[in-house]
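See structure below.
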Amino acid sequence: MEDSDNHVDYFNYTNESEDSNFSYYESYYNGTDDTAGPRDVIKKVSLALYFLTCLLGVPGNAAVVWIAGCKMRRTVNTIWFVNLAVADLFCCLSIPFSVVEIFLDHHWPYGNAMCKVLSSVIIINMFASVFTLTLISLDRFALVIKPVWAQNHRKLSLAWILCGVAWMLSLGLSLPTMILKGTRSDEFFNVTLCTYHHDSDAYSYYDEDQTPDRSALKTIGTIRFVFGFLFPLITITVCYAFIAQRLRASRFRSDKAFRIMLAVVVTFFLCWVPYHVAGLVQDYGEEQISQVAFMLDPLALSLAYINSCLNPVLYVFMGQDFKSQVRLSLRRVFENAFSEGTTNTTVHTKGQKCSASNSSAMQLQYVTSHQTHSF
Numbered sequence: 001m002e003d004s005d006n007h008v009d010y011f012n013y014t015n016e017s018e019d020s021n022f023s024y025y026e027s028y029y030n031g032t033d034d035t036a037g038p039r040d041v042i043k044k045v046s047l048a049l050y051f052l053t054c055l056l057g058v059p060g061n062a063a064v065v066w067i068a069g070c071k072m073r074r075t076v077n078t079i080w081f082v083n084l085a086v087a088d089l090f091c092c093l094s095i096p097f098s099v100v101e102i103f104l105d106h107h108w109p110y111g112n113a114m115c116k117v118l119s120s121v122i123i124i125n126m127f128a129s130v131f132t133l134t135l136i137s138l139d140r141f142a143l144v145i146k147p148v149w150a151q152n153h154r155k156l157s158l159a160w161i162l163c164g165v166a167w168m169l170s171l172g173l174s175l176p177t178m179i180l181k182g183t184r185s186d187e188f189f190n191v192t193l194c195t196y197h198h199d200s201d202a203y204s205y206y207d208e209d210q211t212p213d214r215s216a217l218k219t220i221g222t223i224r225f226v227f228g229f230l231f232p233l234i235t236i237t238v239c240y241a242f243i244a245q246r247l248r249a250s251r252f253r254s255d256k257a258f259r260i261m262l263a264v265v266v267t268f269f270l271c272w273v274p275y276h277v278a279g280l281v282q283d284y285g286e287e288q289i290s291q292v293a294f295m296l297d298p299l300a301l302s303l304a305y306i307n308s309c310l311n312p313v314l315y316v317f318m319g320q321d322f323k324s325q326v327r328l329s330l331r332r333v334f335e336n337a338f339s340e341g342t343t344n345t346t347v348h349t350k351g352q353k354c355s356a357s358n359s360s361a362m363q364l365q366y367v368t369s370h371q372t373h374s375f
């Protein structure tokens, strides 16, 4: 049956057998297993990362929403970054609920409705953040590789539509969680869990009818991995690889631009790969490795969360020289980072000259001031 312990990672579930599941769960709460020491270290590190994410992510993303959304002229860039900041802000604001759950040793005190709603909201916002990062990389690709096409088609209306599609896709990925997630109370350990199961008032370790079909859960986990990590990672990597190649051959070549693009891909990979690997191992791994993945689950989830506080740093402040940034007002920093300055570029097509006003992404200034990070 499904391991009911897996409620720290809101997207995945374990693949342990029924008897070993009970034994592991019992030793977990009684503190009789030999993993108590490492598990305590993982718990403390995870909590530290959660606090750091909240400390940096809430004010950072709130500043992006306020300044880029309310104080600046509306552009395609501000639409991307406000959309990203909203998703990241909600992710950061949901962290206290997870922190309380960890402090209570995975006991869920908020009730069945909050279990469904909060779990779904977390999925929606985390994947909306990942999809927005993918849209930003595609937008930059178009600006640098296809500047004439971008000049003719890069409109505010298209940006709003694409953001809407990203949120709708995120909502679709959250529906299985809304349906299958719920609370289970276990009188033996006096604990209530927020986990995947069919509707039931009580939970028994030996009642297999209360757990959803294992193959269905594996399918859901695989789809989330492909669309929430693998596809975005490939898209972001390919886009920035083409941009780097174009810049390397241009007079706008800069080591700083390449460092920022490298930071985008590496940060995405490091933040998300532990989370998705832990989920896949719990879905498909053998009993022993599944238990290890479950134990590492809080750490993997906290790393995924920390991506939400890194986005403002990567997308805004890495594009500014530090000394100049200190002298600038906060609003000036954002205006410089999100600006869409123009430069005239002449393109020859079929013997005719087409003058295209390209975004500053065609310049080194655009790439260095917009490159960023992170499913």
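Residue 1 is where the sequence shown starts when you use my numbering, and the numbers rise one by one after that. Each residue gets a CB set at the ideal place from its N, CA and C atoms; glycine is no exception.
Next item on the list: Look at LEU133 and PHE268 and say whether their C-beta atoms are less than 8 Å apart.
Entry: Along the sequence shown, one-based indexing puts residue 133 at 133. Along the sequence shown, one-based indexing puts residue 268 at 268. In this structure, PHE268 lies closer than 8 Å to LEU133 by Cβ.
Notebook entry, point to check: Going straight from the alpha carbon of PHE229 to that of THR237, what length do you get?
Noted result: Sequence index remark: in the sequence shown, residue 229 carries index 229 (1-based). Sequence index remark: in the sequence shown, residue 237 carries index 237 (1-based). Roughly 12 Å between the two C-alpha positions.
Note to self: According to DSSP, is LEU193 part of a helix, a strand, or is it coil?
What the structure shows: One-based indexing of the sequence shown puts residue 193 at position 193. Three-state result, LEU193: strand.
Checklist line | Contact belief for LEU171 with ILE124 at Cβ below 8 Å, rounded distance in angstroms | finding: Position 171 of the sequence shown, counted from the start, is the residue given in the question as residue 171. Position 124 of the sequence shown, counted from the start, is the residue given in the question as residue 124. So it is a contact: roughly 6 Å between Cβ atoms.
Next item on the list: Please report the Cβ distance between VAL264 and LEU314, rounded to the nearest whole angstrom; I am assuming they are in contact, meaning their Cβ atoms lie under 8 Å.
Entry: One-based indexing of the sequence shown puts residue 264 at position 264. One-based indexing of the sequence shown puts residue 314 at position 314. Yes, they are in contact, since the Cβ atoms of VAL264 and LEU314 sit about 7 Å apart, within 8 Å.
Notebook entry, point to check: Residues bridged to SER185 by DSSP?
Noted result: Here residue 185 corresponds to residue number 185 of the sequence shown, with the count starting at 1. Bridge partners of SER185: THR192.
Item checked: Closest Cα partner of ASP186 within the set LEU262, HIS106, PHE131, VAL45 -> Translated into the one-based positions of the sequence shown, residue 186 becomes position 186. The residue with the shortest Cα to Cα distance from ASP186 is HIS106.
Check: Mapping DSSP to helix, strand and coil, what is LYS155?
Finding: Here the question's residue 155 lines up with position 155 in the sequence shown. In the structure shown, LYS155 sits in coil (DSSP, three-state: anything other than H, G, I, E or B).
Margin query: For the alpha helix (DSSP H) containing VAL226, name the first residue and the last one.
Written below: Within the sequence shown, the letter at position 226 stands for residue 226. Looking at the DSSP string, VAL226 is not in any alpha helix (DSSP H), and its letter there is neither H nor E.
Notebook entry, point to check: When the Cα atoms are used, what is the spatial distance from LEU55 to ASP297?
Noted result: For the purposes of this step, residue 55 is identified with residue 55 of the sequence shown, where counting begins at 1. For the purposes of this step, residue 297 is identified with residue 297 of the sequence shown, where counting begins at 1. Cα to Cα, the separation comes out at about 22 Å.
Notebook entry, point to check: Can the beta-carbon of PHE127 be found less than 8 Å from the beta-carbon of LEU180?
Noted result: By one-based count along the sequence shown, residue 127 stands at place 127. By one-based count along the sequence shown, residue 180 stands at place 180. Contact flag unset, no.
Notebook entry, point to check: Which word fits ILE220, buried or exposed, when buried means at least 16 other C-beta atoms lie within 10 angstroms of its C-beta?
Noted result: Translated into positions along the sequence shown, residue 220 becomes position 220. By the neighbour-count rule (16 or more Cβ atoms within 10 Å), ILE220 is buried.
Checklist line | Extent of the continuous alpha helix (DSSP H) run through MET114 | finding: The residue given as residue 114 occupies position 114 in the sequence shown. It spans 112–145 - the alpha helix (DSSP H) in which MET114 sits, taken as one unbroken run.
Next item on the list: Run the CB neighbour count on ILE122, radius 10 Å, all protein chains shown included, and call it buried at 16 or more, exposed below.
Entry: The residue you call residue 122 lines up with position 122 of the sequence shown. Answer is buried; the Cβ neighbour count reaches 16.
Note to self: For VAL100 and TRP80, I'd like the C-alpha separation in whole angstroms.
What the structure shows: Walking along the sequence shown from the start, residue 100 turns up at place 100. Walking along the sequence shown from the start, residue 80 turns up at place 80. Cα to Cα, the separation comes out at about 32 Å.
Next item on the list: Note down the Cα distance separating ARG74 from ALA244, rounded to an integer number of angstroms.
Entry: Position 74 of the sequence shown, counted from the start, is the residue given in the question as residue 74. Position 244 of the sequence shown, counted from the start, is the residue given in the question as residue 244. So the two alpha carbons sit approximately 28 Å from each other.
Next item on the list: Rounded to whole angstroms, what's the CA-CA distance from VAL65 to VAL76? Just pull it up for me.
Entry: For the purposes of this step, residue 65 is taken as residue 65 along the sequence shown, with counting starting at 1. For the purposes of this step, residue 76 is taken as residue 76 along the sequence shown, with counting starting at 1. Distance between the alpha carbons of VAL65 and VAL76 is about 14 Å.
Checklist line | the segment 104–118 in contact with the segment 161–170 per 3-pair CB rule at 8 Å | finding: no
Checklist line | First and last residue of the uninterrupted alpha helix (DSSP H) at ASP105 | finding: Residue 105 sits at position 105 when you count from the first residue of the sequence shown. Neither: ASP105 is in no alpha helix (DSSP H) and is coded neither H nor E.
Item checked: Among TRP160, PRO38, PRO176, VAL130, the one whose alpha carbon lies nearest that of THR235 -> What you label residue 235 is simply residue 235 of the sequence shown in a count that begins at 1. Of TRP160, PRO38, PRO176, VAL130, the residue nearest in Cα terms is VAL130.
Checklist line | Extent of the continuous alpha helix (DSSP H) run through ARG248 | finding: Working through the sequence shown from its first residue, we reach residue 248 at position 248. Run containing ARG248: 231–248, per the alpha helix (DSSP H) assignment.
Next item on the list: Tell me, to the nearest whole angstrom, how far the beta carbon of ASP68 is from that of THR78; I am working on the premise that it is less than 8 Å.
Entry: By one-based count along the sequence shown, residue 68 stands at place 68. By one-based count along the sequence shown, residue 78 stands at place 78. In the sequence on display, residue 68 carries Ala and not Asp. 5 Å between Cβ atoms; contact.
Check: What three-state label does DSSP hand GLY377 in the structure shown?
Finding: Shown here, the chain extends from 1 to 375; a query on residue 377 therefore has no answer.
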